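Asks: Residue numbers (my numbering): -9 to 389.
#1: I think residue 156 touches residue 166, with their Cβ atoms under 8 Å apart; what is that distance to the nearest whole Å?
#2: Quick check on the DSSP output: the beta strand (DSSP E) that includes residue 99 runs from which residue to which?
#3: Please list the terminal residues of the continuous beta strand (DSSP E) segment that includes residue 79.
#4: Looking at C-alpha atoms only, which residue of 134, 196 and 125 is the closest neighbour of residue 163?
#5: By alpha-carbon positions, which one of 279, 233, 235 and 222 ends up nearest to residue 123?
#6: Short of 7 Å in beta carbon distance, which residues of its chain neighbour residue 207, apart from the five on each side in sequence? Order them along the chain.
#7: By Cβ distance, which residues of its chain are closer than 8 Å to residue 158, with the 5 residues on each side in sequence left out?
#8: Can you grab the Cα-Cα spacing for the pair residue 7 / residue 80, in whole Å?
#9: Where do the ends of the alpha helix (DSSP H) carrying residue 279 lie?
#10: With DSSP as the reference, label residue 221 as helix, strand or coil.
#11: With distances taken between CB atoms, is the gap from residue 119 to residue 220 smaller than 7 Å?
#12: Which residues share a DSSP beta bridge with residue 109?
#13: Ordered along the chain, which non-local residues of its own chain (more than five positions away) have a Cβ less than 8 Å from that of residue 19?
#14: Going by CA-CA distance only, name the one from 194, 67, 72 and 286 that's closest to residue 233.
#15: So, using beta-carbon positions, are residue 59 and residue 111 closer together than 7 Å?
#16: Express the C-alpha separation of residue 68 and residue 161 in angstroms, rounding to a whole number.
#17: Measuring only the C-alpha atoms, how far is residue 4 from residue 71?
#18: I'd like to check one pair, residue 230 with residue 237: are the Cβ atoms closer than 7 Å?
Pasting the structure below:
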């Protein structure tokens, strides 16, 4: 781990922890700021996440940040963003209207990760709407793999959402990487809670029913959140919507997720049933683990032969812009953070994908109080309950 002996509230001209030269600020949140930096030891571009101290939440946020670093550093999986280093540094000047709200002479934790050239899954959906089903199957299996690796080490993510999934800019394959284990917890051995008992942690739109009740959540909660993510990728919307996120979270306590065919008519029945089973309200009624969920996703794809072929490279259209060479910024010329340091010259080619055409259901037919319109499936009869589908399709839990 690194450390620093540098003046308080440094500016961008000084390297973080005497090692990371700041090139740009790429993200800012309530508790942390993320910078794109040059590692002066390896001359490699990295992402450095620095805790943004925040008044009375400092002790809790700092403990959560250190925990993220420790837990993430124990994970090694192709679909998990790698943690390279962590330690303490003196705060940077953030921005005129986003200052450090405590003693800026005290060191704060930082976390160094591999820098991902690409975009978030949330941004991808925002740009192009519902994704092709071939993408959904592939992303679902990749995220199942990432979560399975974490769960095998006793780590529960507890904040699985599209914003925490990075899509790598690649012309060879659709590649997702899960990041931000900031509210993760150990599920074995000594468990140290970082918040008051009963406090809800996570993003309301993706909370499982047990998390809404204030329970800590386990691997099944990650599975449920992944089910919501896949639901959103398929339909372009969340399964539970209300005026506020917490009101939507409360709805899932008493209501099942509406069928996906209410919003997308080209959805094959097996895939719908697999997603809905992951969104069962009771954890005992969901898949046993994410590995079983991945098997069910593969099974649902096999039940749709020829309709959704593999299309390698389909997610990147148009010429790839040249990636500019990173250069160290001269000390005298480096701008202050918050002035011109918005993530600079790089533009992902992933976002050049054109929106796809999805057979949508008219709004008047897709209301929550109406039966979903599924004309493409009427010739095959009504959708069976998962328990009664075993004779036709086999057990959905054991594909």
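Don't be surprised by glycine CBs; every beta carbon is placed ideally from N, CA and C. It should be emphasised that the depicted structure is a prediction, and the values quoted were computed from it without experimental measurement.
Replies: Quick answer:
#1: 7 Å
#2: 98 to 104 is the extent of the beta strand (DSSP E) around residue 99.
#3: If you look at residue 79, you'll find it in the beta strand (DSSP E) that goes 73 to 79.
#4: 125
#5: 222
#6: 146, 148, 198, 200 and 201
#7: 106, 107, 108, 165, 166 and 167
#8: 8 Å
#9: No alpha helix (DSSP H) holds residue 279; DSSP gives it neither H nor E.
#10: Helix, per DSSP.
#11: no
#12: 157
#13: Once the five neighbours on either side are set aside, the close Cβ partners of residue 19 are 42.
#14: 194
#15: No.
#16: Between residue 161 and residue 68, the C-alpha separation is close to 17 Å.
#17: In this structure, the alpha-carbon of residue 4 lies about 26 Å from that of residue 71.
#18: no
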